[in-house]
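First comes the structure, then the notes that go with it.
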Amino acid sequence: MPLPTSLGFAGAFALLNLWLAYRCVRIRVNGPGGVGDLGIPELLARMRAHANFVEYTPFVLILMVLLEYAGGSRAWLQGLGAAYIVARVVHAFGMERPKFTMQFIGALVTWLVLLALAVWAICLAIHAEGRGGI
Numbered sequence: 016m017p018l019p020t021s022l023g024f025a026g027a028f029a030l031l032n033l034w035l036a037y038r039c040v041r042i043r044v045n046g047p048g049g050v051g052d053l054g055i056p057e058l059l060a061r062m063r064a065h066a067n068f069v070e071y072t073p074f075v076l077i078l079m080v081l082l083e084y085a086g087g088s089r090a091w092l093q094g095l096g097a098a099y100i101v102a103r104v105v106h107a108f109g110m111e112r113p114k115f116t117m118q119f120i121g122a123l124v125t126w127l128v129l130l131a132l133a134v135w136a137i138c139l140a141i142h143a144e145g146r147g148g149i
């Protein structure tokens, strides 16, 4: 099967997205209902955690797919994908804490994963260019 690592993480990212959305919906259903943050700080924090996940995940997933297609190390892709999932869960819980330690750690690991994937992709592209590939 082509791209099994990326396919597995695409599914995992989709499940994480559903969980983050559910955390917002649960407050709305058990509260006053409506649209937006409803002036509820906990809902605003959960909405931002969900939106933040949606902002970063496409870049992470696209880079993972392209790197796997280009023959990138499955072990590295699995490690970076797992780190990204853990980072986003830590970030989501950290958004609701008064101290920003968990939020910062989650954001930092997210940035490091994205940076690693981006640099890896650029290096592979340069290497392919040297062989006449690009």
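According to the working numbering, the residues represented by the sequence shown are 16 to 149, in order.
Even glycine gets a Cβ: it sits at the ideal position worked out from N, Cα and C.
Quick one: does the C-beta of residue i sit closer than 6 Å to a heavy atom of the ligand FMN?
{"i": "V101", "result": "Among the components of this structure there are no ligands whatsoever, and the ligand FMN is therefore not found."}
My understanding is that residue i touches residue j, with C-beta atoms under 8 Å, so please give their C-beta distance in whole angstroms.
{"i": "F74", "j": "L35", "result": "Actually they do not touch by this definition, with Cβ atoms about 17 Å apart."}
{"i": "R43", "j": "G49", "result": "7 Å"}
Taking 7 Å as the cut-off, decide whether the C-beta atoms of residue i and residue j are in contact.
{"i": "L76", "j": "A25", "result": "yes"}
{"i": "T125", "j": "A107", "result": "no"}
{"i": "G121", "j": "G109", "result": "yes"}
{"i": "T20", "j": "L129", "result": "no"}
{"i": "R61", "j": "R38", "result": "yes"}
{"i": "F28", "j": "T72", "result": "yes"}
Pick out whichever of the options has its Cα sitting closest to the Cα of residue i.
{"i": "L123", "options": "N45, V105, C39", "result": "V105"}
{"i": "L139", "options": "A60, E83, F119, L58", "result": "E83"}
{"i": "A133", "options": "K114, N32, G87", "result": "G87"}
{"i": "P113", "options": "E57, N45, L31, P17", "result": "E57"}
{"i": "G23", "options": "F115, R89, A66, L53", "result": "R89"}
{"i": "N32", "options": "L78, E144, E70, A98", "result": "E70"}
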